[in-house]
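Novice: Residue numbers for the sequence shown follow my numbering, so the first one is 1 and each next one is one higher.
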Amino acid sequence: MDILKRSLAPITEEAWDEIDSTARDVLSGLLSARRVVDVEGPMGWDYAAVPLGRLVVPEGTQPDGLEYGLNTVQPLVEVRAHFDLDIWEVDSIIRGAKGINLDNLEDAARRMASFEENAVYKGMSTASITGLMESSPYGTLHVSGKAEDILHQVTRGIQAMMAESIEGPYALVVNPQMWLSMSTYVQGYPLKKHLEEQLGGPVLISSFLDGACLVSTRGGDMRMVVGQDMAIGYYRHDKTTVSLYFTESFTFQVFEPHAIVTYNWTD
1 MDILKRSLAP
11 ITEEAWDEID
21 STARDVLSGL
31 LSARRVVDVE
41 GPMGWDYAAV
51 PLGRLVVPEG
61 TQPDGLEYGL
71 NTVQPLVEVR
81 AHFDLDIWEV
91 DSIIRGAKGI
101 NLDNLEDAAR
111 RMASFEENAV
121 YKGMSTASIT
131 GLMESSPYGT
141 LHVSGKAEDI
151 LHQVTRGIQA
161 MMAESIEGPY
171 ALVVNPQMWL
181 SMSTYVQGYP
191 LKKHLEEQLG
201 GPVLISSFLD
211 GACLVSTRGG
221 DMRMVVGQDM
231 AIGYYRHDKT
241 TVSLYFTESF
251 TFQVFEPHAI
261 VTYNWTD
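1. Cβ of G69 within 8 Å of Cβ of V56?
2. Just the Cα atoms here: how many angstroms apart are R223 and H142?
3. Going by the CB atoms, is the gap between R110 and L195 shorter than 8 Å?
4. When DSSP labels each residue in this structure, what does T217 get in the three-state scheme?
5. With distance defined between alpha-carbon atoms, name the residue in A9, E13 and S21 nearest to M230.
6. How would you call A185, buried or exposed, if buried means at least 16 neighbouring beta carbons within 10 angstroms?
7. Counting C-beta neighbours from all protein chains within 10 Å, is the total for M161 16 or more, i.e. buried, or is it exposed?
8. Alpha carbon to alpha carbon, what distance is there between N104 and Q62?
9. Could you check whether the stretch 232-239 touches the stretch 111-127, counting it as contact only if at least three pairs of C-beta atoms, one from each stretch, sit closer than 8 Å?
10. Does the distance from the C-beta atom of T72 to that of R95 stay below 8 Å?
11. So, A212 versus L151, is the Cβ gap smaller than 8 Å?
12. Please determine, among V226, D267, Q228 and L244, the residue with the shortest C-alpha to C-alpha distance to Q149.
13. Within 10 angstroms of its Cβ, does Q228 collect 16 or more other Cβ (buried), or is it exposed?
14. Using the Cα positions of D221 and A97, report the straight-line distance between them to the nearest angstrom.
15. For Y47, name the three-state secondary structure that DSSP assigns.
16. In three-state terms, what does DSSP make of I11?
17. Using CA atoms only, rank isn't needed, just tell me which of A108, D46, I158 and Y245 is closest to A9.
18. Using DSSP bridges, identify the partner residues of I260.
19. With respect to the beta strand (DSSP E) encompassing N268, which residues constitute its N-terminal and C-terminal limits?
20. Straight-line CA distance for F208 to V254?
21. From the beta carbon of D91, is the nearest beta carbon of chain D less than 8 Å away?
22. Using a threshold of 8 Å, state whether the C-beta atoms of G168 and G201 are closer than that.
23. Ordered along the chain, which non-local residues of its own chain (more than five positions away) have a Cβ less than 7 Å from that of Q74?
24. Measuring CA to CA, which of I100, L27 and Y47 is closest to L76?
25. With a 10 Å radius around its C-beta and 16 neighbouring C-beta atoms as the bar for buried, classify S125 as buried or exposed.
26. Within its chain, find whatever has a CB closer than 8 Å to the CB of I93; leave out the 5 residues flanking it on each side and keep chain order.
27. Do I166 and A259 come within 8 Å of each other at the CB atom, strictly closer than that value?
So, in structure tokens, the structure goes:
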């Protein structure tokens, strides 16, 4: 038995397949950051911290003229999101029922996605994570919903990175409002296609961004380190309800801030 304790749950193999499939479908549409940064792992539950390769040397003279230093690490944050499912409803999966009510699972998946996306984009000081949106040294650019302005500001961002020898390809992650502008046309050509040709990479949406973020995806500039990848475990059950939870552990690091350009959105 592993830490997820799935074998203790009153859930059939077919039902677990449906639960896992639904979770993947929800999360795949919400986890944008993983698609634009380097991802290492999963390293396993016992991977608790990332070595930073530096020492902290205490001040003051040590006995016998000795010196010592402490290795610095960046700890992984471990998160759980609990949810309940009706046992009778889950059992209906094996009976061939369609449209099973997994709303609580989907809500928990969204909460997990929100936690991860916010940590990577906006940072999390309590977990020693500096986010993409707070790392850029260029200053925040302003972009409106007008197609021509979006093209111009993205060009400015790319030029700023190229001036610092930050090569592409690049990716642009936008908020839901800016995503709607991607359906407009510029000189008879979809704006999204214009941008992707300019970037050499994708335009993605994040439901949790307030503005937009342009990053180089050449590799080596930022990374997400995963201990336990996103998974569902068993918590407890009674006669009518089974309690499950999503869990993962990760941290995020930025090595080259010049590979990031951030935008404020003004409609």
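The beta carbon of each residue, even a glycine, is placed where N, CA and C say it ideally should be. Computed from a predicted model, the values in this text were never measured in an experiment.
Specialist: In this structure, then:
1. yes
2. 26 Å
3. At a Cβ-Cβ threshold of 8 Å, L195 and R110 do not count as neighbours.
4. coil
5. S21
6. In the sequence as presented, Ala is not what sits at residue 185; that position holds Tyr. So Y185 counts as exposed.
7. Of the residues assessed, M161 falls on the buried side of the cut-off, its CB having 16 or more other CB atoms within 10 angstroms.
8. 57 Å
9. no
10. no
11. no
12. Checking the displayed sequence, the identity of residue 149 turns out to be Asp instead of Gln. Out of V226, D267, Q228 and L244, D267 has the C-alpha closest to the C-alpha of D149.
13. buried
14. 47 Å
15. coil
16. coil
17. Y245
18. V215
19. There is no way to answer for residue 268, as the model of the chain reaches only from 1 to 267.
20. If I take the Cα positions, the gap works out to 19 Å.
21. In the displayed structure, chain D is absent; only one protein chain is listed.
22. yes
23. A49, V50, L52, S128, T251 and Q253
24. Y47
25. Under the 10 Å beta carbon count, S125 is surrounded by fewer than 16 other beta carbons and is classified as exposed.
26. T12, E14, A15, E18 and I100
27. Their beta carbons are under 8 Å apart, which means A259 touches I166 by this criterion.
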